[in-house]
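Before any comments, here is the structure.
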Amino acid sequence: MVSVGDSFISGEAGRWAGNSNDSEGGYSGTDRAFDATDGTTDEHRVYGTSYDDHCNRSDSAEVHSARPQARAQRLNVACSGATSTAILLPEHGGSPFKTEPSQAQQLQDAVTGHPVRAVVVSVGGNDLGFEDVITACAKNFLQPIGATPCAPDQAPEVKKRLPAMRTAVVNTLADVTTAMARAGHRAGSYRLILQSYPSPLPDGARVRYPGDGYDRLTQGGCPFFDKDLTWAHDELVPEISTTLASAARASGAEFLDLSRSFEGREVCASTTAQAGPDQRPSGRTSEWVRFVTTGHGQGQRQESLHPNYYGQLALGTCLGLQLDRAPGDRRCTNTAGAGPRDMRLSPAPTA
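Take the sequence shown: its letters are residues 1 to 351, numbered as in the UniProt record's numbering.
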């Protein structure tokens, strides 16, 4: 079983079991790279050698935390920050990324002579420039004078980019299929699954810091206006998911819709709580997404707004449920008040 793609499947932010502003005890027990016995912190405990080039493939990445009924070896070649170009075969424009060769080429080399149950792909967000959109929205919020929401400017730009993102994803899936064929695996002999992205942010009505106040930055790590939160949750993430579903259909791949898998567990959601002296981290109460950080304090900037340890376990559960069922397009959602192992599948919405 192999995972291919970007940060949402590499396991970025898997270091963190929830969020905390309390620096004691490994940020109130949320920092999985912290060893309480000797007080040291080593990111390699979570990301292994991939921390050295910042691909950040965590031990809790979904390909590792999935629980399919059949035993399978797990291989994660995904890399944080990867666009489709990092996955494509070299003859189709693929190029090394963060010192690593084309992911499709890595896939081909790794599975030659080995049976394969599934190849799971996450791609498109970086081609669309999702991080740039989120950064622009945060910068708008932080403007000292005349701050205004970013949605009016960003929404039409994103719509313009979606067709190109779809094309990039279709080309990526074609090269994954080609790499598998060259490794001796014909189409249909393995599961090819394209997944979408969970919304990292709640809509503006469900933020535990009301009123567009500055505590969203200083306490919550969600420096965004209500209007931008609602746009990202209600329009941006669903539009990306719909476009990816179309790409999956055109490519003969299964589609796993994760757009609502973190509902109620997003950064700053009113139904979650940060860890602290009186609140231990828990998959039932903590946020499942890393809050926004500059990288000058705890952790790395690139971990911001990615599924954390609990989020990775939830996505792994979704993948395991998908693999335990017959091929098909499905949506994964969580169970209110339950942990990341209590996820549910339903038929994916049709366009």
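We treat Cβ as the ideally placed atom computed from N, Cα and C, and that holds for glycine. As the structure is a prediction and not an experimental result, all values here were calculated from the model.
Residue i vs residue j beta-carbon contact at 8 Å
i           : j       : result
residue 439 : Val-169 : With the chain covering only 1 through 351, there is no way to say anything about residue 439.
Gly-14      : Ala-61  : yes
Asn-334     : Arg-265 : yes
Val-46      : Ser-3   : no
Ser-241     : Arg-166 : no
Asp-6       : Val-123 : yes
His-306     : Phe-8   : yes
Arg-117     : Ala-72  : yes
Ala-164     : Gln-108 : no
Cys-332     : Leu-256 : yes
Ala-348     : Asp-329 : yes
Leu-319     : Ala-253 : no
Gly-221     : Trp-16  : no
When the options are compared against residue i, the one with the closest alpha-carbon
i           : options                               : result
Ala-250     : Gly-320, Phe-8 and Thr-172            : Thr-172
Ser-20      : Arg-344, Asp-52, Ser-286 and Gln-302  : Ser-286
Thr-178     : Ala-138, His-92 and Pro-202           : His-92
Arg-260     : Gly-316, Thr-218, Gln-300 and Leu-201 : Leu-201
Cys-79      : Ser-10, Arg-191, Cys-268 and Gly-39   : Ser-10
residue 397 : Ser-84, Arg-161 and Pro-198           : Nothing about residue 397 can be reported from this structure: the residues present for the chain run from 1 to 351 only.
Thr-85      : Cys-318, Ala-104, Pro-144 and Arg-57  : Ala-104
Thr-83      : Leu-75, Leu-229 and Ser-95            : Ser-95
Cutoff 8 Å: residue i Cβ touching any chain D Cβ
i      : result
Lys-98 : In the structure shown, chain D cannot be found, because there is only a single protein chain.
Coil, strand or helix - residue i by DSSP
i       : result
Ser-261 : coil
Pro-307 : strand
Ala-118 : strand
Arg-67  : coil
Thr-99  : coil
Arg-74  : coil
Leu-256 : strand
Thr-333 : strand
Ala-314 : helix
Ala-110 : helix
For residue i, the first and last residue of its enclosing beta strand (DSSP E)
i       : result
Arg-191 : 191 to 195
Leu-345 : 343 to 347
Cys-79  : Premise fails: Cys-79 is in no beta strand (DSSP E) and is neither H nor E.
Terminal residues of the alpha helix (DSSP H) in which residue i lies
i       : result
Cys-137 : 130 to 142
Arg-325 : No alpha helix (DSSP H) holds Arg-325; DSSP gives it neither H nor E.
Arg-57  : From DSSP, Arg-57 is part of no alpha helix (DSSP H); its letter is neither H nor E.
Ser-241 : 237 to 251
Thr-230 : 226 to 231
Practice prompt. Enumerate, from N- to C-terminal direction, the unbroken beta strand (DSSP E) stretches of 3 or more residues contained entirely within the UniProt region "Disordered" (1 to 45).
Written response: Counting only runs of 3 or more residues that sit fully inside the UniProt region "Disordered" (1 to 45), the beta strand (DSSP E) segments are 2 to 5, in chain order.
Fill in: alpha helix (DSSP H) runs contained entirely in the region 263 to 300, provided each spans 4 or more residues
none
Item to complete: Please specify which runs of the alpha helix (DSSP H), each continuous and at least 4 residues long, are wholly inside the region 146 to 219, giving them in chain order.
Response: 151 to 182
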